[in-house]
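Undergrad: Got a structure here, written out as structure tokens. Questions coming.
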Amino acid sequence: MADSRNRSGRHKTAEGQACRFVSVDVELANLCKNRCAMCPRGMITRPRGVMAESTVSALVRFLEGSRCLVTFSGMGDPLRHRGLPDVIARLRSAGHQTGVVVHPASLQNRIRGRTGMEHLLLNAPDSITVSFPSVRKEVFQKLFPDVSIESALEQVLILGKMSPSPVRVSGLLTALNPDETEEYRAFWKKYGISAWVSRCHSRGGNLGPGLVPGMDGKGPAKGGCSLFRFHSFVSWDGSLLACCHDLSGSTRMADIFTLSDYRSLESLKARLVACGAGLPFKLCSVCDEPLRNIRLPVLPVNGGRRERRKFFSGMAAFSRRR
0 MADSRNRSGR HKTAEGQACR FVSVDVELAN LCKNRCAMCP RGMITRPRGV MAESTVSALV
60 RFLEGSRCLV TFSGMGDPLR HRGLPDVIAR LRSAGHQTGV VVHPASLQNR IRGRTGMEHL
120 LLNAPDSITV SFPSVRKEVF QKLFPDVSIE SALEQVLILG KMSPSPVRVS GLLTALNPDE
180 TEEYRAFWKK YGISAWVSRC HSRGGNLGPG LVPGMDGKGP AKGGCSLFRF HSFVSWDGSL
240 LACCHDLSGS TRMADIFTLS DYRSLESLKA RLVACGAGLP FKLCSVCDEP LRNIRLPVLP
300 VNGGRRERRK FFSGMAAFSR RR
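Residue numbers (numbering that gives the first Met the number 0): 0 to 321.
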């Protein structure tokens with residue numbers, strides 16, 4: 000397996016490489032009871048629902064052999080899917096690494112007589128990320144009005160003790176807390192919990208300036224969207240959308256029922272990138288997602304955690320240099 004660093008120790012770039020199937024977000028549902036201020040779910044016009052068993056089976060077939068990172072996320076609450084433990088088991092047995100992104104309030108909601116946390120831990124994924132936008136109480140309550148910061152913290156700490164898999168929290172820098180990064184990391188370091196902080200963006204132009212801390216330009220970088228080249232998105236109905244921030248379905252490229260497998264999607268993406276005119280989606284013209292412009296290290300050729308870790312490590316290094 001080729002190392003992604005050159006002799007100087009710096010990560011090589013993916014310049015000139017085709018698209019690779021490294022990671023995929025799977026939207027098990029685009030339904031959610033939580034009312035997060037930074038979520039434009041109320042503006043969704045594409046169909047709503049929960050992934051059916053037949054679609055799960057099609058997903059397993061579509062991903063066969065990719066050994067990719069599968070994260071249950073998207074425009075809904077993955078804990079709303081009653082079969083989540085079974086879906087995790089099927090994908091893990093097929094050689095995929097799995098992760099789940101959850102809202103702290105959802106850990107307390109009841110599913111089939113169990114709490115969301117109990118439901119999740121019936122067959123824990125390889126990693127669990129809890130959305131926890133701020134450790135400043137006034138900011139947290141504005142962004143997450145459905146749960147108190149005290150209750151959310153309690154849920155994270157309980158989950159951290161009970162989960163056999165790593166638990167981390169995800170913070171968000173908005174116009175309300177643009178300077179919170181170091182404070183956020185120091186807070187969670189006291190509890191021994193890994194913390195990731197990212198900048199709030201407009202979610203495909205669907206959030207106003209009240210939350211977004213300054214726009215990072217608009218539209219993809221020259222040569223196309225970096226995120227598009229290594230990351231894919233499957234909606235609850237099996238549609239393959241170019242972007243997880245697509246609320247209308249306008250970036251639909253195909254679906255997991257008609258494409259033979261993930262390699263077909265790699266080829267389709269490569270053709271779109273190779274045209275040189277940028278991606279043909281109107282949504283891209285209003286995008287301010289920071290990852291769209293990031294320089295990518297060499298994209299993994301073969302699946303596997305070691306190679307994927309090396310790739311994401313290099314991507315994080317490039318991100319810090321921006």
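Here a beta-carbon is modelled for each residue, glycine too, at the ideal position from N, C-alpha and C.
Strictly under 8 Å for the Cβ-Cβ distance: is G204 near chain B by that measure?
TA: Reference to chain B is not applicable here, since this structure consists of a single protein chain.
Undergrad: DSSP three-state label for I255, please.
TA: DSSP places I255 in coil when its eight states are reduced to three.
Undergrad: Please report the distance separating the alpha-carbon of F323 from that of C199.
TA: There is simply no residue 323 to check, as the chain begins at 0 and stops at 321 in what is shown.
Undergrad: Can you tell me whether E306 is buried or exposed? The criterion is at least 16 other CB atoms within 10 Å of its CB, across all chains shown.
TA: Buried.
Undergrad: Can you give me the C-alpha to C-alpha distance between E153 and Q107, rounded to a whole angstrom?
TA: The straight-line gap from Cα to Cα measures roughly 11 Å.
Undergrad: At 4 residues or longer, what runs of the alpha helix (DSSP H) sit wholly inside the region 123 to 184?
TA: Whole alpha helix (DSSP H) segments, 4+ residues: 136 to 142 and 148 to 161.
Undergrad: Hey, quick one: how far does the alpha helix (DSSP H) through D24 stretch, first residue to last?
TA: Where D24 is concerned, there is no enclosing alpha helix (DSSP H), although the beta strand (DSSP E) it sits in stretches over S22 to V25.
Undergrad: Name the two residues that bound the continuous alpha helix (DSSP H) containing G115.
TA: Unbroken alpha helix (DSSP H) run through G115: G115 to L120.
Undergrad: Quick check: what's the CA-CA separation for R109 versus K136?
TA: Cα-Cα distance, rounded: 26 Å.
Undergrad: Would the beta-carbon of P46 fall within 8 Å of that of L206?
TA: No, these two residues do not count as a Cβ contact at 8 Å.
Undergrad: Using only alpha-carbon positions, find the residue among S193, G159 and S150 that is nearest to G170.
TA: That would be S193, whose Cα lies nearest to the Cα of G170.
Undergrad: Which residue or residues does DSSP assign as beta-bridge partners of H230?
TA: Bridge partners of H230: S22.
Undergrad: Check each candidate in F232, G94, S162 and L142 and name the one with the smallest Cα separation from L210.
TA: Checking every option, the nearest Cα to that of L210 belongs to L142.
Undergrad: In the DSSP assignment, find the beta strand (DSSP E) that holds A194 and state where it starts and stops.
TA: From DSSP, the beta strand (DSSP E) with A194 extends over S193 to R198.
Undergrad: Count the other C-beta atoms from every protein chain shown that fall within 10 angstroms of the C-beta of A273, then say buried if there are 16 or more, exposed otherwise.
TA: So A273 counts as exposed.
Undergrad: Determine the closest residue to S92 out of L175, C67 and L78, with distance taken between C-alpha atoms.
TA: Among L175, C67 and L78, the Cα nearest to that of S92 belongs to C67.
Undergrad: In terms of residues, what are the limits of the alpha helix (DSSP H) holding V59?
TA: Where V59 is concerned, the enclosing alpha helix (DSSP H) stretches over E52 to L62.
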